[in-house]
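Structure record follows, encoded as structure tokens.
Residue numbers (the working numbering): 12 to 132.
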């Protein structure tokens, strides 16, 4: 029984690692389908520009008028934070202006891979 439990844990960890590896090429399509209604890469729209967002602190782009919640946030846009953010923005920075949820973990990973590639990371 103990061996089965250990195998299940190991399988779960491997599955999580495999599912978190995104594909930037698929991410471009997912980004265009999911994000471009509010975001562009090189200019602000309803949301801030996103070309170099990966690795940057939240709410600090001087060319965008962020909510007080975003301005006061102390998070950096890395894989883990972006994944949590895209899954449920309110859980990461309560009171922010972006009401969004993307339930598909694979699509989130692809979008993150795309944003990471655009930032040269």
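Every residue, glycine too, gets a C-beta built ideally from N, C-alpha and C.
query: Given residue 81 as reference, the closest of 95, 70 and 35 once Cα atoms are compared; result: 70
query: Span of the alpha helix (DSSP H), counted from its first residue to its last, around residue 93; result: 90 to 98
query: Alpha carbon of residue 64 to alpha carbon of residue 89, nearest angstrom; result: 9 angstroms
query: Residue 118 classed as buried or exposed, judged by whether at least 16 other C-beta atoms fall within 10 angstroms; result: buried
query: Whole-angstrom distance between residue 66 and residue 85, CA atom to CA atom; result: 13 angstroms
query: Exposure label - residue 22; buried when at least 16 CB within 10 Å; result: Reliability of the predicted coordinates at residue 22 is poor, the pLDDT of 47 falling under 50, and no value is obtained from them.
query: Inter-stretch contact (C-beta, 8 angstroms, three-pair minimum) for the region 110 to 126 and the region 28 to 47; result: yes
query: Contact under 8 angstroms by Cβ, residue 79 with residue 60; result: no
query: C-beta contact flag for residue 125 and residue 39 at 8 angstroms; result: yes
query: Backbone CA spacing between residue 113 and residue 131 [nearest angstrom]; result: 24 angstroms
query: Secondary structure of residue 19, DSSP reduced to three states; result: Note that residue 19 scores a pLDDT of 46, beneath 50, so its modelled location is shaky; the value from the coordinates is reported in the next line. If DSSP states are grouped into helix, strand and coil, residue 19 belongs with the helices.
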